[in-house]
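Here the protein sequences line up with chains B and F, keeping their order. Read in order, the letters of the first sequence are residues 0 to 288 in numbering that gives the first Met the number 0. Read in order, the letters of the second sequence are residues 0 to 312 in numbering that gives the first Met the number 0. Just so it is clear, CB atoms sit at the ideal spot from N, CA and C, and this is done for glycine as well.
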Amino acid sequence: MELLLFNAFNGLIQGVFYALMALGLALILSLNSVINMAHGGFLVIGAYLAYTLSPYLGFWGALIVGPALAGAIGLLVERVLIRPIYKRVDPIYSLLLTFGLALIIEDMARTIWGPQGLPLEVPDVINSPVSDVYFFITGYRLFVIGVTAAAAIALYLLLRYTLLGIRIRAGIRDLETTAALGVNIYKLRALNFGFGCIFAGLAGVLAAGVLGLTPPMGNSLIMPSFVAIIIGGVGSLFGAVLGGLIIGLAAGVVTTYYPAASEAVIYLMMLIVLVVRPRGLFGEEGLFE
Amino acid sequence: MTRAVSVAAMWIALILVPWWLPMVGSYTALGSKILIYAIATMGLNLVLGFTGGLSFGQAAYFGLGAYGAGMTLKYLAPDTPLAILIGTLAGGLAATLLGPLVMRRRGIYFAMITIAIGQLFYFVMVRWNNVTGGEDGLAGFSRQDIHFGSLTVPIASSGTAFYYLVLLCFTIAVAIMWTILQSPLGHTWVAIRENRRRMEFLGVRVERYVWAAFAIAGFITAFAGTLNALLFNFTSPQDLHWILSGDFVIMIILGGMRSFFGPLIGVIIFVVAQDYLSSITGNWMTFIGMIFVFIVLVFPRGVLGVFRRAEAI
C-alpha cells in the first residue's frame, strides 16, 4: 500500500511536469499552429540557465529568471525562424524546423555544460520531508505542485480577463477576423510563443530540482506531453493539464505492479482514448484538421 | 526523354556502386545503407508526398521490421528470406492495424498521433529486454547465405553480394510503388492530397484510401527495416526512435516530396553528409539541425522540386 502511494505520488509529480509542458505546447499549437518539437529544448534552456544563474541569484531568483530567459529566447526564435513560415499551409515545415532546433539546442547544451548530469541545489527550507511516515512527500514536491497550480491559474486569469488574453482566445477561434478587427496578430503570435516557452522553462527548472539536469532531459518529457494533449483533447488547455496529470499518475501506479510497462501504458491509454473518444476528453471535433 | 536518360543513368550508377564507391574513398556498406533508407523514405513518401498525410512516426515500422528480422534469425531459424518476410509482415501488419486510428485525422493531428504511436513500440523494445536486448539493442544474429537449389549467394561474407541483394529489393520495391502510383489507387491518393473535401463529395471513401496508403507505406518501410538489420547484423531502439522518423521526413523534403525518386536524392545527400560530419566533428547534431532549418527556410521544394514549375507550399 505504501509502495503504491509512493509510486502514485512520484507519478503525480511527473504528471505535473507533463502538464506544464503540455500547457505550453497546447498554447503554441492553438494560436501559432506549430507543433513545437523544440519545446523540450526550451525546457533545457530554462533549466540550464537557472543552474548557471543560481549561484548569483539564488534558487528563487533563478526560478524566475530561468523561465523568463527561455521565454525571451522563444520570442527571438519566433521572430527570426518561425514567423517567415506562417504563410506555408503544410504543417510539415514548422514541424521540421522546430525538430532541427531541438537537435541544435540539445547538442549546444551538451557542448556548453557537458554530457554528464548536474544537480540543481534546492534550498533546505523547502527540501525536507513534511512527514516521517510519508518520507517521499518532500516540501519541494509540494512546492512543485503549488507553483504549477499558480502558473496555470495565472494563465487562466490572463486569458480570461486581460485584453491580451481575450485577443489570444479570439485569435485561436478565428485568426483572420481577429486581424481584420485591427489586432496585430504577428505581435500576438510572438507573445503567445513566448508564453509557451516560459512554461517550458518553468517545467525545466522545477524538473531539474527533482530529476537533475541532462542535455536530453527535454526528450523524455516532450513525447508524454503530446500524449497529454491528445488524451486531454486538442484545443483544450484544461484538457492538456488534466491529460498530463492522468498519464503521470497512471505511469506511477503501473510502476508498482509492472515496472517494465510504466512508459508503454501512457501510449496504450492514448490508443484507447483514440478508439473510444477520438477527439479526447475535452477536445473539439474537427479542430486543426 | 531527359527523364528516361537520367533514370537510366541512375540505374547504371547503382549497379556499378561496388566499383566506383570504394574508388571515391567510401565503402560499399554505405551504398547499401543509402538504398535501404531510399526504400524506407520512398515508402513513407506514398503517405507524405502522394496522399498528403503527415506521418511523423515511420521509424516505428522500420524498427519493427528490423526487430522482426533479427529475432527470426536469432530465435526461429537461420534463414534470410524468412527473416525478411517475417519482419516485413510484423511492421506492415502493425501499420495496417493502427491505420484506422490515424486515417480520419489530418495535418497536425495526424502528425502528433503517428509520432506518439511510434513511441509505444520504442518503449516495448527498450523494456522487453530479455528478448530484445533492451537499450543495448539486439545482437547475436547474422545474415545467412541464400540458397537457390545448388546455387549459393554468399551474402553472409561478401558485402558486395549483399549490396546486390539490397539493389534487387530496391528494384522490386520501386516496381511495386511505381505500379501502384500509376494505378487508380495512386491517382486517387494524389486527388485526396490535392482536394480531400472534393473527393469526399464525389463519394470516394477517403479514409479507406488513406488507410491503404498508411498500410502499404508500413509494409515497405518494414521491408527496408529488415534489410537494415541484415546489413549491420544488429538493431537497436534507435531504429524506431522519433529522431529517425524526423530524419526520414527531412530526407524526403531535401530530395523533393512531389517526385517519385526525390527521396533517393535526399537520402544520398543526407546520409553522406551525416557520415562525413560525424567523422569530422563531435557537434554533428548541431550541423544536422542547421541543415533542417536551412532546408525549411531556403529550400523547401527540395532538389528535384527546383527543376519543376513553382508549386504552392
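Next item on the list: Look up valine 152(F) in the DSSP assignment and give the residues it is bridged to.
Entry: The count along the second sequence starts at 1 and reaches residue 152(F) at position 153. Ile145(F).
Note to self: Looking at leucine 201(B): is its Cβ nearer than 8 Å to the Cβ of proline 118(B)?
What the structure shows: For the purposes of this step, residue 201(B) is taken as residue 202 along the first sequence, with counting starting at 1. For the purposes of this step, residue 118(B) is taken as residue 119 along the first sequence, with counting starting at 1. No, the Cβ-Cβ distance between leucine 201(B) and proline 118(B) is not below 8 Å.
Check: threonine 112(F) and leucine 100(F) look like a contact to me (Cβ under 8 Å); what is the Cβ gap, rounded to whole Å?
Finding: Position 113 of the second sequence, counting from 1, holds the residue named residue 112(F). Position 101 of the second sequence, counting from 1, holds the residue named residue 100(F). According to the sequence as given, residue 112(F) is isoleucine; it is not threonine. For a cut-off of 8 Å, the C-beta gap from isoleucine 112(F) to leucine 100(F) is around 7 Å, short enough to register as a contact.
Check: Would you say asparagine 218(B) and leucine 30(B) are within 8 Å of each other, going by their C-beta atoms?
Finding: Taking the first sequence and counting its residues from 1, the one referred to as residue 218(B) is at position 219. Taking the first sequence and counting its residues from 1, the one referred to as residue 30(B) is at position 31. It is not a contact, given that the beta carbons lie outside the stated cut-off.
Next item on the list: Identify whether alanine 311(F) lies in helix, strand or coil by the three-state DSSP scheme.
Entry: Locating residue 311(F) in the second sequence gives position 312, where the first residue counts as 1. At alanine 311(F), the pLDDT of 47 sits below 50, so the modelled position is not reliable; the number obtained from the coordinates is stated separately. In the three-state DSSP reduction, alanine 311(F) falls in the coil class, being neither helix nor strand.
Next item on the list: Could you check what DSSP says for threonine 234(F) in three-state terms: helix, strand or coil?
Entry: Mapped onto the second sequence, residue 234(F) falls at position 235. Reduced to three states, the DSSP call for threonine 234(F) is strand.
Item checked: glutamine 118(F): contacting residues in chain B (beta-carbon distance under 7 Å) -> Walking along the second sequence from the start, residue 118(F) turns up at place 119. Near glutamine 118(F) (Cβ distances below 7 Å), the residues of chain B are Met222 and Tyr266.
Notebook entry, point to check: Going along the chain, which residues of its own chain have a beta-carbon closer than 7 Å to the beta-carbon of isoleucine 294(F), five neighbours each way excluded?
Noted result: Position 295 of the second sequence, counting from 1, holds the residue named residue 294(F). Hits under 7 Å: Ile249, Ile252 and Leu253.
Item checked: Residue(s) in a DSSP beta bridge with leucine 128(B) -> Indexing the first sequence from 1 puts residue 128(B) at position 129. According to the sequence as given, residue 128(B) is proline; it is not leucine. Bridge partners of proline 128(B): Thr137(B).
Notebook entry, point to check: Tell me which same chain residues have a C-beta within less than 6 Å of the C-beta of glycine 251(B), skipping the five on either side of it?
Noted result: Residue 251(B) sits at position 252 when you count from the first residue of the first sequence. Closer than 6 Å at Cβ, skipping near neighbours: Asn6, Ala7, Asn9 and Gly10.
Next item on the list: For the segment 1-30 of chain B, enumerate the residues whose C-beta is nearer than 9 Å to any C-beta of chain F, in chain order.
Entry: Residues Leu28.
Item checked: Within-8 Å CB hit, glycine 99(B) to chain F -> The residue labelled residue 99(B) in the question sits at position 100 within the first sequence. Closer than 8 Å to some Cβ of chain F, the Cβ of glycine 99(B) qualifies, so yes.
Next item on the list: Determine whether the Cβ of phenylalanine 225(B) lies closer than 8 Å to any Cβ atom of chain F.
Entry: Counting from 1 along the first sequence, the entry for residue 225(B) is found at position 226. Closer than 8 Å to some Cβ of chain F, the Cβ of phenylalanine 225(B) qualifies, so yes.
Notebook entry, point to check: Helix, strand or coil for leucine 29(F) per DSSP?
Noted result: For this step, residue 29(F) is matched to residue 30 along the second sequence. DSSP places leucine 29(F) in helix when its eight states are reduced to three.
Next item on the list: Determine the burial state of phenylalanine 109(F): buried for a count of at least 16 other Cβ atoms within 10 Å of its Cβ, exposed for fewer.
Entry: What you label residue 109(F) is simply residue 110 of the second sequence in a count that begins at 1. Buried is the call here.
Check: Tell me the DSSP bridge mates of leucine 52(B)?
Finding: What you label residue 52(B) is simply residue 53 of the first sequence in a count that begins at 1. Looking at the DSSP assignment, leucine 52(B) forms no beta bridge with any residue, so it has no partner.
Next item on the list: Can you give me the Cβ contacts of phenylalanine 315(F) inside the same chain, cut-off strictly under 6 Å, excluding the 5 residues immediately before and after it?
Entry: Residue 315(F) is absent from the structure shown; chain F starts at 0 and stops at 312.
Check: How should glutamate 283(B) be labelled, buried or exposed, when 16 other C-beta atoms within 10 angstroms of its C-beta is the threshold for buried?
Finding: Position 284 of the first sequence holds residue 283(B). Flag for glutamate 283(B) reads exposed.
Next item on the list: Label proline 183(F) either buried or exposed according to how many other C-beta atoms from any shown protein chain fall within 10 Å of its C-beta, with 16 as the threshold for buried.
Entry: One-based indexing of the second sequence puts residue 183(F) at position 184. By the neighbour-count rule (16 or more Cβ atoms within 10 Å), proline 183(F) is not buried but exposed.
Next item on the list: Enumerate in chain order the residues of its own chain whose CB-to-CB distance from threonine 225(F) is below 7 Å, with the five nearest sequence positions on each side excluded.
Entry: Walking along the second sequence from the start, residue 225(F) turns up at place 226. Closer than 7 Å at Cβ, skipping near neighbours: Gly64, Ala65, Gly67, Ala68, Ala82, Ile83, Gly86 and Thr87.
Notebook entry, point to check: Which value, in whole angstroms, describes the spacing of the CA atoms of phenylalanine 237(B) and tyrosine 139(B)?
Noted result: Start at 1 with the first residue of the first sequence, and residue 237(B) comes out as number 238. Start at 1 with the first residue of the first sequence, and residue 139(B) comes out as number 140. Going from the Cα of phenylalanine 237(B) to the Cα of tyrosine 139(B) covers about 24 Å.
Check: Can you list, in chain order, the residues of its chain whose CB lies under 6 Å from that of phenylalanine 198(B), leaving out five sequence neighbours each side?
Finding: Here residue 198(B) refers to the residue found at position 199 of the first sequence. Excluding positions up to five away in sequence, the list reads Leu19, Leu22 and Gly23.
Check: What three-state label does DSSP hand leucine 280(B) in the structure shown?
Finding: Residue 280(B) sits at position 281 when you count from the first residue of the first sequence. Of the three classes helix, strand and coil, the one that applies to leucine 280(B) here is coil, per DSSP.
Check: Any idea if arginine 172(B) is buried or exposed, counting beta-carbon neighbours within 10 angstroms, 16 or more meaning buried?
Finding: Here residue 172(B) corresponds to residue number 173 of the first sequence, with the count starting at 1. With fewer than 16 Cβ atoms within 10 Å of its Cβ, arginine 172(B) is classed as exposed.
Notebook entry, point to check: What residues in its chain sit with their C-beta under 6 Å from that of alanine 311(F), if we drop five residues either side in the sequence?
Noted result: For the purposes of this step, residue 311(F) is taken as residue 312 along the second sequence, with counting starting at 1. Bear in mind that the predicted position of alanine 311(F) carries a pLDDT of just 47, short of 50, making it too unreliable to give a figure here.
Notebook entry, point to check: Are leucine 187(B) and arginine 168(B) touching if we call contact CB-CB under 8 Å?
Noted result: As a first step, residue 187(B) is located in the first sequence; it is residue number 188 there, counting from the start. As a first step, residue 168(B) is located in the first sequence; it is residue number 169 there, counting from the start. In this structure, arginine 168(B) does not lie closer than 8 Å to leucine 187(B) by Cβ.
Notebook entry, point to check: Does any C-beta atom of chain B lie closer than 8 Å to the C-beta of asparagine 282(F)?
Noted result: For this step, residue 282(F) is matched to residue 283 along the second sequence. The C-beta of asparagine 282(F) comes closer than 8 Å to at least one C-beta of chain B.
Note to self: Checking the sheet assignment: what are the DSSP bridge partners for leucine 137(F)?
What the structure shows: If you number the second sequence from 1, residue 137(F) lands on position 138. Leucine 137(F) pairs with Thr234(F).
Next item on the list: Show which residues of chain B have a CB atom less than 9 Å away from the CB atom of valine 248(F).
Entry: Indexing the second sequence from 1 puts residue 248(F) at position 249. Result: Ile91, Leu94, Leu95 and Phe98.
Next item on the list: Write down the C-beta distance between lysine 73(F) and phenylalanine 140(F) rounded to the nearest angstrom, noting that I regard them as a contact closer than 8 Å.
Entry: Stepping through the second sequence from its first residue, residue 73(F) is reached at position 74. Stepping through the second sequence from its first residue, residue 140(F) is reached at position 141. The pair is a contact, with the Cβ atoms about 4 Å apart (cut-off 8 Å).
Next item on the list: Evaluate the contact criterion for the segment 280-292 of chain F versus the segment 94-107 of chain B: three or more CB pairs, one atom per stretch, below 8 Å.
Entry: Result yes; three or more Cβ-Cβ pairs closer than 8 Å.
Notebook entry, point to check: So, helix, strand or coil for leucine 117(B), using DSSP?
Noted result: Taking the first residue of the first sequence as position 1, residue 117(B) is located at position 118. If DSSP states are grouped into helix, strand and coil, leucine 117(B) belongs with the strands.
Next item on the list: Compile a chain-ordered list of the residues in the segment 60-93 of chain B whose CB is closer than 7 Å to at least one CB of chain F.
Entry: Leu80, Pro83, Ile84, Arg87, Asp89, Pro90, Ile91 and Tyr92
Notebook entry, point to check: Rounded to a whole number of angstroms, what is the C-alpha to C-alpha distance between leucine 34(F) and valine 143(B)?
Noted result: In the second sequence, counting from the first residue as 1, residue 34(F) sits at position 35. In the first sequence, counting from the first residue as 1, residue 143(B) sits at position 144. The alpha-carbon separation between leucine 34(F) and valine 143(B) amounts to approximately 49 Å.
Note to self: So within the segment 32-101 of chain F, which uninterrupted alpha helix (DSSP H) runs reach at least 4 residues, ignoring any that extend past its ends?
What the structure shows: The segment 32-101 of chain F contains these whole alpha helix (DSSP H) runs: 58-70 and 79-101.
Item checked: Nearest to glutamate 193(F) (by Cα), restricted to the options Leu47(F), Ser5(F), Thr1(F) and Met9(F) -> Position 194 of the second sequence, counted from the start, is the residue given in the question as residue 193(F). Cα-wise, what sits closest to glutamate 193(F) is Leu47(F).
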